[in-house]
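Participant:
Protein chains: 2
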Amino acid sequence: MLKAPEQTPLEIMEVHACPSRQVMEMLADKWKLLVFHSLRQRDVMRNGELMRALNGVSQKMLTQTLRALERDGLIFRRDYQEVPPRVEYGLTELGRSLSEPILQISDWGQSNMTAVEAAREIYDRSESEQHG
Amino acid sequence: MLKAPEQTPLEIMEVHACPSRQVMEMLADKWKLLVFHSLRQRDVMRNGELMRALNGVSQKMLTQTLRALERDGLIFRRDYQEVPPRVEYGLTELGRSLSEPILQISDWGQSNMTAVEAAREIYDRSESEQHG
DNA sequence: GCTAGTACATACCTAATGGTAACTATGAAG
DNA sequence: CTTCATAGTTACCATTAGGTATGTACTAGC
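Protein sequences appear in the order of chains L and F. My numbering applies: residue 1 is where the first sequence begins, and numbers increase by one. My numbering applies: residue 133 is where the second sequence begins, and numbers increase by one.
1) Would you kindly check if the distance between the Cβ of L/G109 and the Cβ of F/V189 is under 8 Å?
2) Comparing C-alpha positions only, which one of L/L74, L/G48 and L/C18 sits nearest to L/I102?
3) In whole angstroms, give me the CA-to-CA distance for F/D175 and F/G222.
4) At the level of alpha carbons, what is the spacing between F/L171 and F/E157?
5) Output the boundary residues of the alpha helix (DSSP H) element that contains L/V23.
6) Look up L/D79 in the DSSP assignment and say whether it is helix, strand or coil.
7) Below 8 Å CB to CB, which residues in the same chain sit around F/A219 once its five sequence neighbours on both sides are set aside?
8) Express the C-alpha separation of L/L27 and L/R71 in angstroms, rounding to a whole number.
9) Among the candidates L/W31, L/V35 and L/E93, whose CA atom is the shortest distance from the CA of F/S248?
10) Take the Cβ of L/A53 as the centre, count every other Cβ of all protein chains shown within 10 Å, and call the residue buried at 16 or more, exposed below.
11) Between the alpha carbons of L/E129 and F/R199, how many angstroms are there, rounded?
12) Does the beta carbon of F/E157 come closer than 8 Å to any beta carbon on chain L?
13) Relative to the alpha-carbon of L/F36, which residue among L/E49, L/N55, L/Q64 and L/L69 has its alpha-carbon at the smallest distance?
14) Do F/M193 and F/W163 have their beta-carbon atoms positioned less than 8 Å apart in this structure?
As structure tokens, this is what we get:
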């Protein structure tokens, strides 16, 4: 039947190999960014602390997020093998280096989120004018 | 008994108002970051160009992403009201300022994604040792 | 023997995401 | 009068994400 080949060998390969794209896909995740933000300022944290810091995460999502970050070499996981369990998480060197630009985004938010909210209000108002 | 109250009225409010958290939730999106990356280097772009640049987006997702960014005041949309339609997108001043830290993340990727991939391989290997 | 406490794993189920395909408008080209 | 091109919109559907609820391991304390 010969329809468009969904592999598109060359183009997609190039794109998938692009490192900037890879970081962005890696970081395009709400909880990951917040974990960076928390771990930056507190050195090491335990599961429970992170649960409280990332207000609203479920245990499942937190574990999933931490596993992914650990796999990527961005955080370490130190298990004390005690009972009751004690496990600590912290940024690796690699993770710490990535936390710098992430901090800058956070700082940008401190300075500019009010402008964003203002823009939203304007947009929503002109939207409702057209439809309401 | 005095355990941590799970409503924590004050904390949650604070967190939701926290600008750094808001930016991160705003940017925790694969296509948004990539749109920034594309628009940074090309001044203005048309819908079709963006489709090709962000390899793999569907028209639906692209429109949705552009609308959200426009609403947030980060990009502008210039509609020439012509037939066939001609519409250009570009970063606003606000968007341009945010593109700086995003660029740094992209640069971080250029330098460090190989390290991330190496970490993944190590992790996966020790995982499969335990289970296989 | 029962309960509490920590850091999970797992099953189940619903809500949201995102892809595909079809439809829209409009003028120019043929 | 048909086709093409652009930048969409919309409906429908499959996949995925993510929440809840429950189970697990092991020791201390009652």
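Every residue, glycine too, gets a C-beta built ideally from N, C-alpha and C.
Facilitator: Reading it off the structure:
1) Taking the first residue of the second sequence as 1, we reach residue 189 of chain F at position 57. Taking the first residue of the first sequence as 1, we reach residue 109 of chain L at position 109. No, the pair does not count as a contact, with Cβ atoms beyond the cut-off.
2) Position 102 of the first sequence, counting from 1, holds the residue named residue 102 of chain L. For the residues L/L74, L/G48 and L/C18, the minimum Cα distance to L/I102 belongs to L/L74.
3) One-based indexing of the second sequence puts residue 175 of chain F at position 43. One-based indexing of the second sequence puts residue 222 of chain F at position 90. F/D175 and F/G222: Cα-Cα distance of roughly 6 Å.
4) Sequence index remark: in the second sequence, residue 171 of chain F carries index 39 (1-based). Sequence index remark: in the second sequence, residue 157 of chain F carries index 25 (1-based). Cα to Cα, the separation comes out at about 21 Å.
5) Along the first sequence, one-based indexing puts residue 23 of chain L at 23. Per DSSP, L/V23 belongs to the alpha helix (DSSP H) from P19 to L27.
6) Taking the first sequence and counting its residues from 1, one reaches residue 79 of chain L at position 79. Correct three-state label for L/D79: strand.
7) Locating residue 219 of chain F in the second sequence gives position 87, counting from the first residue. Note on identity: in this sequence residue 219 of chain F is Val, with Ala being the wrong assignment. R178, N179, R209, R210, D211 and Y212.
8) Residue numbering aside, residue 71 of chain L sits at position 71 when the first sequence is read from its first letter. Residue numbering aside, residue 27 of chain L sits at position 27 when the first sequence is read from its first letter. The straight-line gap from Cα to Cα measures roughly 13 Å.
9) Within the second sequence, residue 248 of chain F is the residue found at index 116, counting from 1. One point to set straight first is that residue 248 of chain F is Val, not Ser, in the sequence displayed. Comparing Cα positions, the closest option is L/E93.
10) Here residue 53 of chain L is taken as the residue at index 53 of the first sequence, counted from 1. So L/A53 ends up on the buried side.
11) As a first step, residue 129 of chain L must be located in the first sequence, where it is residue number 129. As a first step, residue 199 of chain F must be located in the second sequence, where it is residue number 67. Cα-Cα distance, rounded: 17 Å.
12) Mapped onto the second sequence, residue 157 of chain F falls at position 25. Output row for F/E157: interface = yes.
13) Locating residue 36 of chain L in the first sequence gives position 36, counting from the first residue. It is L/L69.
14) As a working note, residue 163 of chain F is residue 31 in the second sequence. As a working note, residue 193 of chain F is residue 61 in the second sequence. Yes, the pair counts as a contact, with Cβ atoms nearer than the cut-off.
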